[in-house]
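Student:
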Amino acid sequence: MAKTIIPIGPYHPLQEEPEFFILTVEGEKVVDIDVHIGYNHRGIEKLSETKTFDQSTFVIERICGICSTSHPFAYTRAVEDIIPIEVPERAKYIRTIIAEGERIHSHLLWLGLAGHFLGYDTVFMWTWKLREEILDVMEILTGNRNNYAMFKPGGVRRDIKSEDIPVVIKKIDSIVPTLEMLKKAVIDDPVIHARTKGIGVLSKEDAINYCALGPTARASGVARDVRKNSPYGAYDKVEWDMIVTHNGDVFDKLVVRVLEVFESIKIIKNCFLNLPGGEIDANIKDIPPGEGIGHIEAPRGECFHYVRSDGTNRPVRHKVRAPTFMNLPTYKATVIGEDISDATIILAAIDPCYCCTERMTVCNIKRKKIYSGKDLIKLSREKTKILRNKMGVK
Amino acid sequence: MIYIFYFLFYGFFLTAIIGLLASWIDRKVTARIQYRVGPPLLQPLIDIVKLLGKETLIPAGSSKITFLMAPIIGLASVILVSTLLWINNINPAKSFLGDLIVVLYFLVIPSVSIIMGGFASRNPLASLGASREMKLVLSYELPFILAMLVTVIKSGFTFRLGEILAFQAQNGALVRSWSGVLALIVAIICMQAKLALVPFDIPEAETEISGGVLIEYSGSGLAIYKLMKNMLLFTLPFFLIIVFIGGLRFDGIHLLYGVLKYISLVALMTVIRNTNPRVRIDQVVKFFWGPMTIIAIIAVVLALLGR
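Chains as they are written, first to last, in our numbering: chain A, 2 to 395; chain B, 184 to 490.
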């Protein structure tokens, strides 16, 4: 049978971000894929190395708009690992609350998008409406709907007011009935079963071999969660369960995410219940030379930061590894042999976040010359000169 | 002369106006279900007028004439079908023998025109969409024609729409019998597939193949396709109303009933499309050739038994 090339991207209605997947298709079956990434590279690691430790928090918060807490969280933990210093209890709880709020809104966002990819736009709109409530909660707690700017090495920047807590709990409780209904509508829908069960199966062996993380791994039966395996924040002080399912198909990934939303609500409420008093900041003065790592469980999996300090007020090396970096290769294991109509939902099932992932880009060395920034400025100036001469401007 | 009037006024203008209105109702109800505001009343018309004023791009290497003719053929067939249906409904005596079969044939041509346009545009995604549309047509035509057979059997083996209407005027709508109900259910689901609405919007599937068959269309070609789809949104329910629910009448209280019949069919379509995700093409073929065909055959058997 003749092979056809079906491109997904670089710009595609499926994706919010530019990425390029070349699918080789026989009839409607995918036989091979080729992944081209690197459209979203912004040089954030380098940028972070030019800023002070405090400023870096804000730069790396802007790596990603959806998991904008996970990066600062991991980064601050890496910096605290250099000193090393223990964060005050209250700050730990506040950090946990913010991180879980982000998990809820990220999972709801994913659920809506998954519905949209399946052509179920009602789910899309409903979940995003629910997500608004969570964003309101985050606005009450932090002052921002996204990019909360709550984190700093040594603690948090802003305290939670005690009069806000009942309002927030009431708001969170108010979404639970709709969420329950949505859970039933999605998990019990026979057509969703037909579309997602047995589709894009990632076996347990593959999940381990590809080092899959987060919900992608947990759906395949790999009980891997930083919050349980190496607890940080207040996760070892409140009660919650790790959601693990065993089939590894798209449906199980959906179930894991939906159930995790309920766990997150449980964690937030428990945190508010046990919120200790006291300081929220350890008041770090100097960062000694050394290196530190920080890893936390982002909504998509383990987010890992490495920071090296030489005793000045700037990091000399800052390395970011986002969960999608590990999850994206599993796409190759899951999509080959599947239908072209399922290719997009299988890709969406790992909840890819490319702006988190792209930490480097590869130059095409086949070109005659590679221009550096200085060369480009020089070229630009020369061209401007020519143009000015042509137009007679002095 | 009177036929040209029928053709232009009823077949084109009235069908287009009601179709655009129905498309607005569909979009508005969908929006309200999804907590959105929804478009203003004239939005479907504005969309089409705007598209007519845009540049029509013809992809390089495509079959130019086929690419441009496909939407016109589709639109023409829809106008013709709706003219036939209107004539039948207004003046049942004017119908000719076998117009039911003619209507069934012409209702396939919009799908055929979409397949033609998709293949002519020489885009891999459009070809994929066109091949899906082809499979879709193959799958839903069988139960659809079986459902129509129920009407033919019930109304005394007539192939004239006028006689079917006259039979229903005397003996009550066909949907009042068991076989009629089953056939109507099958026909409504087939209609959903004919209109390529969710769960059967597989040929277009914007998140899978980014618009599929229509991906290369722009300007007036796209406008004509949109108009064709909006007109089908009137023509198909109208056909089902004639065949199963006793047609539309324009005297007194019957006009209200007619409007209610039509609105409830459109509302049903909107509800189906908002409470289901998209299915896969192999599942569609299994669905239509399996359960749907079986239900249709049961309906035919019941009709033969006189139920």
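Beta carbons are placed, not taken as given, at the ideal position from N, Cα and C, and that holds for glycine.
Going by C-alpha distance, which of B:221, B:205, B:230 is nearest residue 402 (chain B)?
Tutor: B:230
Student: Could you have a look at residue 239 (chain B) and say whether DSSP puts it in helix, strand or coil?
Tutor: coil
Student: Around the Cβ of residue 3 (chain A), are there at least 16 other Cβ atoms within 10 angstroms (buried) or fewer (exposed)?
Tutor: That one is exposed.
Student: Once you ignore the five residues that flank residue 290 (chain A) on each side, which residues in its own chain have a CB closer than 7 Å to its CB?
Tutor: 310, 311, 312
Student: Show which residues of chain C have a CB atom less than 8 Å away from the CB atom of residue 290 (chain A).
Tutor: Included in the structure are the protein chains A and B, with no chain C among them.
Student: Is the separation between the beta-carbon of residue 214 (chain A) and that of residue 334 (chain A) shorter than 8 Å?
Tutor: Cβ atoms of residue 214 (chain A) and residue 334 (chain A): not closer than 8 Å.
Student: Using a Cβ-Cβ cutoff of less than 6 Å, which residues in the same chain neighbour residue 429 (chain B) once the five nearest sequence positions on both sides are dropped?
Tutor: Only 351, 356 meet the Cβ criterion.
Student: Are any of the Cβ atoms in chain A nearer than 8 Å to that of residue 239 (chain B)?
Tutor: no
Student: Using the beta-carbon of each residue, which ones in chain A are nearer than 8 Å to residue 164 (chain B)?
Tutor: Residue 164 (chain B) is absent from the structure shown; chain B starts at 184 and stops at 490.
Student: Tell me which residue opens and which closes the alpha helix (DSSP H) that residue 101 (chain A) is part of.
Tutor: 90 to 118
Student: Measuring straight from C-alpha to C-alpha, what distance separates residue 340 (chain A) and residue 31 (chain A)?
Tutor: 6 Å
Student: To which residues of the same chain is residue 268 (chain B) closer than 8 Å at the C-beta, ignoring the five residues directly before and after it?
Tutor: 286, 344, 418, 421, 422, 425
Student: According to DSSP, is residue 213 (chain A) part of a helix, a strand, or is it coil?
Tutor: coil
Student: Taking residue 459 (chain B) as the reference, which of B:380, B:446, B:308 has the closest Cα?
Tutor: B:380
Student: Could you run through the stretch 187 to 210 of chain A and flag, in chain order, every residue whose CB is less than 8 Å away from some CB of chain B?
Tutor: Residues passing the 8 Å Cβ filter: 190, 192, 193, 195, 196.
Student: Count the CB pairs spanning the stretch 271 to 279 of chain A and the stretch 294 to 306 of chain A that are closer than 8 Å, and state whether there are at least three.
Tutor: no
Student: Sorted by chain position, which residues of the same chain lie with C-beta nearer than 7 Å to residue 296 (chain B)'s C-beta, five sequence neighbours on each side aside?
Tutor: 253, 254, 256, 257
Student: Taking Cβ-Cβ distances shorter than 7 Å, what residues in chain A pair up with residue 242 (chain B)?
Tutor: Chain A residues near residue 242 (chain B): none, gap ~15 Å exceeds 7 Å.
Student: Would residue 223 (chain A) be called buried (16 or more neighbouring beta carbons within 10 Å of its own) or exposed?
Tutor: buried
Student: For residue 348 (chain B), which residues from the same chain have a beta carbon less than 8 Å from its beta carbon, with the 5 sequence-adjacent residues on both sides left out?
Tutor: Cβ within range, chain order: 271, 272, 275, 425, 429, 430.
Student: Pair every Cβ in the stretch 33 to 41 of chain A with every Cβ in the stretch 70 to 82 of chain A, then say whether three or more of these pairs are closer than 8 Å.
Tutor: no
Student: Can you look up residue 354 (chain A) in the DSSP assignment and give me helix, strand or coil?
Tutor: coil
Student: Whose C-alpha, out of B:249, B:364, B:463, is nearest the C-alpha of residue 392 (chain B)?
Tutor: B:463
Student: List, in chain order, every chain A residue whose beta-carbon is nearer than 8 Å to that of residue 218 (chain B).
Tutor: 126, 127, 130
Student: Is it true that the CB of residue 397 (chain B) sits closer than 8 Å to the CB of residue 7 (chain A)?
Tutor: no
Student: For residue 233 (chain B), count neighbouring C-beta atoms within 10 Å of its own C-beta (all shown protein chains included) and say buried if the count is 16 or more, exposed if not.
Tutor: exposed
Student: Rounded to the nearest angstrom, what separates residue 357 (chain A) and residue 321 (chain A) at their Cα positions?
Tutor: 8 Å
Student: Go ahead and label residue 384 (chain B) buried or exposed: buried means 16 or more other beta carbons lie within 10 angstroms of its beta carbon, across all protein chains shown.
Tutor: buried
Student: Check for me: the beta strand (DSSP E) holding residue 25 (chain A) runs from which residue to which?
Tutor: 21 to 27
Student: Buried or exposed: residue 392 (chain A), going by 16 or more other Cβ atoms within 10 Å of its Cβ?
Tutor: exposed
Student: First and last residue of the beta strand (DSSP E) that includes residue 310 (chain A)?
Tutor: 302 to 310
Student: Using a Cβ cut-off of 9 Å, pull out every chain B residue sitting near residue 14 (chain A), in sequence order please.
Tutor: 389, 390, 393, 394
Student: In chain A, which residues lie with their C-beta within 7 Å of the C-beta of residue 466 (chain B)?
Tutor: 195
Student: Measure from the C-beta of residue 123 (chain A) to each C-beta in chain B and report whether the shortest distance is under 8 Å.
Tutor: yes
Student: Quick check on this structure: which residue in A:156, A:66, A:342 has the alpha carbon closest to the alpha carbon of residue 110 (chain A)?
Tutor: A:66
Student: Hey, quick one: how far does the alpha helix (DSSP H) through residue 399 (chain B) stretch, first residue to last?
Tutor: Premise fails: residue 399 (chain B) is in no alpha helix (DSSP H) and is neither H nor E.
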